[in-house]
Amino acid sequence: VVWIIAVARFSSTLLYVQKVLTGLVLTTLMEAVVQYVLHQAWNNSGSENSVLFSLAMTFYTLKYLVTLRVLMHTGSGAGVVTDAVATHLGCKMDIALSVFFVMQWTWKLLFTYKYRFMISQRVAMLITVPG
2 VVWIIAVARF SSTLLYVQKV LTGLVLTTLM EAVVQYVLHQ AWNNSGSENS VLFSLAMTFY
62 TLKYLVTLRV LMHTGSGAGV VTDAVATHLG CKMDIALSVF FVMQWTWKLL FTYKYRFMIS
122 QRVAMLITVP G
């Protein structure tokens with residue numbers, strides 16, 4: 002809460018990294034709220050709500066995407082030393098992040114429902130490599 006107030010107050014003088022960290026904080030907060038509502042509804046009804054589960058997985062994955070994106074940007078000096086990342090490097094980052102998004106969804110989905118899909122131990126271990 003303090004971070005969000007400080008960002009709102011000094012938004013014109015913030016670096017790119019600070020803005021992305023604010024997005025990360027908000028994404029994490031939204032994930033926590035959706036997870037809470039999901040588990041509360043699950044406890045009350047006895048069955049899992051697939052819409053809330055998908056929303057929770059989306060926020061979970063977005064949290065990792067934002068973190069990876071800020072690490073890739075700051076590693077190349079963008080937002081700190083230079084104003085932006087070169088276009089070809091940005092395209093490479095977008096492709097890598099898209100692959101990572103799909104891998105995180107697959108990993109979370111298969112490990113949540115591994116008994117429903119009857120996945121062997123070998124396949125389960127292969128899935129954990131990217132996650």
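So the sequence shown is numbered by our numbering: it starts at 2 and just counts up by one. Glycine included, C-beta positions come from ideal geometry on N, C-alpha and C.
Exposed unless 16 or more other CB atoms sit within 10 angstroms - verdict on residue i
i	result
Gln122	exposed
Met126	exposed
Gln41	exposed
Phe60	buried
Ala107	The displayed chain sequence assigns Thr, not Ala, to residue 107. Exposed, because fewer than 16 other Cβ atoms sit within 10 Å of the Cβ of Thr107.
Val3	exposed
His89	exposed
Ala57	buried
Val35	buried
Thr28	buried
Val124	exposed
Val71	buried
Thr113	exposed
Leu16	exposed
Run of the alpha helix (DSSP H) containing residue i, from where it starts to where it stops
i	result
Gly76	Ser51 to Gly76
Ile5	Val3 to Arg10
Ser46	Tyr17 to Ser46
Are there three or more Cβ pairs, one per stretch, closer than 8 Å when the segment 64-75 is compared with the segment 10-26?
-> With a cut-off of 8 Å on Cβ pairs, the segment 64-75 is in contact with the segment 10-26, counting three or more such pairs.
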